[in-house]
Ligand SMILES: *Cc1c(COP(=O)(O)O)cnc(C)c1O
């Protein structure tokens with residue numbers, strides 16, 4: 110595999126940007142390698158600047174559920190561009206977008222568009238604090254909610270990958286208001302609630318965590334969270350930045366039948382552009398300015414180009430909802446089963462967690478159901494595996510603690526090629 114051009118760009122980038130990148134995990138540090146610089150992408154494929162072609166399972170870290178450069182999305186964006194790029198004034202597409210979001214996720218009665226998942230979650234906890242008049246928040250070890258100060262306490266995603274789950278620069282005074290419970294352990298939540306009686310403003314959770322690798326909620330874990338919140342007057346926030354529009358048209362809350370008070374969205378909602386959103390119960394959301402006193406604003410919020418890409422994506426998902434989600438799940442299920450089978454046959458210990466179009470191959474011989482069990486994975490083995498897969502034409506997330514994403518653009522042929530690459534990689538791991 111030729112990598113000369115990527116190497117040159119990377120060495121230049123290192124002198125210009127911290128770590129040579131604009132978001133940490135992209136630097137390939139956790140897989141002892143150098144990042145590939147990408148030139149273009151289409152459907153399920155991605156090409157780097159040296160002309161190497163890969164089947165892509167990163168899909169921009171989740172947004173591209175319809176694949177790269179989806180023709181309808183591209184053409185809608187091109188059309189929208191003819192009318193300008195941004196006005197800083199209300200537009201029709203924002204109204205259409207809000208209507209569609211509400212239709213797909215009925216727990217959202219009012220919605221506010223922002224520019225990233227980070228903005229959505231940080232605004233949601235501000236709102237929950239204002240609504241309840243309480244200060245503390247409960248999150249879960251290994252869950253990632255973006256990089257706002259309050260969340261960088263035992264955070265997942267890049268923070269876990271790089272071993273800096275709690276960041277310097279976050280004042281202790283603020284960090285002390287963030288309490289960490291264990292995912293899938295309802296007693297750990299109840300204990301924190303009891304110890305901090307009438308002080309918890311909200312519980313924020315990835316209903317299906319994707320940022321410690323994919324972890325599934327057990328039995329009625331989410332229902333029990335709902336019960337605790339109802340009992341204790343706590344706002345329940347589902348961070349569906351990954352799972353929204355991915356696990357079902359209405360996200361994880363539809364799949365598991367649990368209604369949060371607030372939902373945060375990102376990734377798919379922008380169709381490949383920078384978009385986030387938060388929304389939920391009218392009674393809470395109407396506290397947001399200008400209808401209420403909780404301040405939050407954005408120069409480019411509801412940007413017409415980004416709204417067009419997002420709206421076009423959601424509309425396709427909504428119109429094809431009866432088939433798309435089943436197809437994605439059966440494709441992913443098949444892939445996961447073959448991975449398990451091949452690893453097993455070769456005596457390599459893996460745990461493949463899969464739900465809908467998201468999955469993680471953990472190099473672990475135990476069940477992975479929370480942060481602690483995820484951290485038991487063999488990250489050195491994962492790094493070798495990652496590089497072998499890359500050599501065999503498959504581009505995976507460069508970390509053990511991230512989710513692989515399938516899209517509607519992944520063909521049967523892609524899946525079979527990926528399985529062959531996996532078999533080769535697993536055999537090479539043994540030698
Ligand atoms: C990606 C992610 C975020 C942050 O979104 P950005 O757009 O990267 O700021 C928040 N929550 C979850 C669950 C995410 O996966």
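In the working numbering, the protein residues as written are 110 to 540. The C-beta atom is built at its ideal place from N, Cα and C for all residues, glycine as well. Quantities reported herein were computed from a predicted structural model and do not represent experimental measurements.
- The DSSP assignment places complete alpha helix (DSSP H) segments of no fewer than 4 residues inside the stretch 363 to 410 at 391 to 394, in order along the chain.
- As computed with DSSP, residue 320 is found in a beta bridge with 322.
- Those residues that have a beta carbon less than 5 Å away from any non-hydrogen atom of ligand 1 are, in order along the chain, 225, 226, 227, 254, 255, 315, 348, 350, 351 and 375.
- Annotated three-state conformation of residue 531 is helix, per DSSP.
- The beta carbons of residue 366 and residue 224 sit no closer together than 8 Å.
- Residue pairing from DSSP leaves residue 252 without any beta-bridge partner.
- Here residue 463 is buried. Its C-beta has 16 or more other C-beta atoms within 10 Å.
- Counting other Cβ atoms within 10 Å of its Cβ, residue 395 stays below 16 and is therefore classed as exposed.
- DSSP lists 165 as the beta-bridge partner residues of residue 504.
- Per DSSP, residue 266 is not a residue of any beta strand (DSSP E), being assigned neither H nor E.
- Looking at 251, 298, 258 and 294, the one whose alpha-carbon comes closest to that of residue 321 is 251.
- Relative to the Cα of residue 475, the nearest Cα in the group 254, 459 and 197 belongs to 459.
- By the neighbour-count criterion, in which a residue is buried when 16 or more other Cβ atoms sit within 10 angstroms of its Cβ, residue 509 is buried.
- Each residue's CA atom was taken as its position, placing residue 536 and residue 455 some 7 Å apart.
- In summary, residue 406 is exposed, with fewer than 16 beta-carbon neighbours lying within 10 Å of its beta-carbon over all protein chains present.
- With fewer than 16 other CB atoms across the displayed protein chains lying within 10 angstroms of its CB, residue 398 is exposed.
- In this structure, the beta-carbon distance from residue 382 to residue 337 does not fall below 8 Å.
- Residue 314 is bridged by DSSP to 347.
- Pairing residue 157 with residue 445, the inter-Cα distance amounts to about 27 Å.
- Residue 451 has its alpha-carbon roughly 14 Å from the corresponding atom of residue 498.
- Between residue 419 and residue 168 a beta carbon distance of about 15 Å is seen, past the 8 Å cut, so the two are scored as non-contacting.
- Under the three-state reduction of DSSP output, residue 417 falls in the helix class.
- In the displayed model, residue 150 falls within a strand according to three-state DSSP.
- It is roughly 7 Å from the alpha-carbon of residue 378 to the alpha-carbon of residue 423.
- Sequence-distant partners of residue 315 (beyond 5 residues in either direction) whose C-beta falls short of 6 Å from its own C-beta, in its chain, are 252 and 348.
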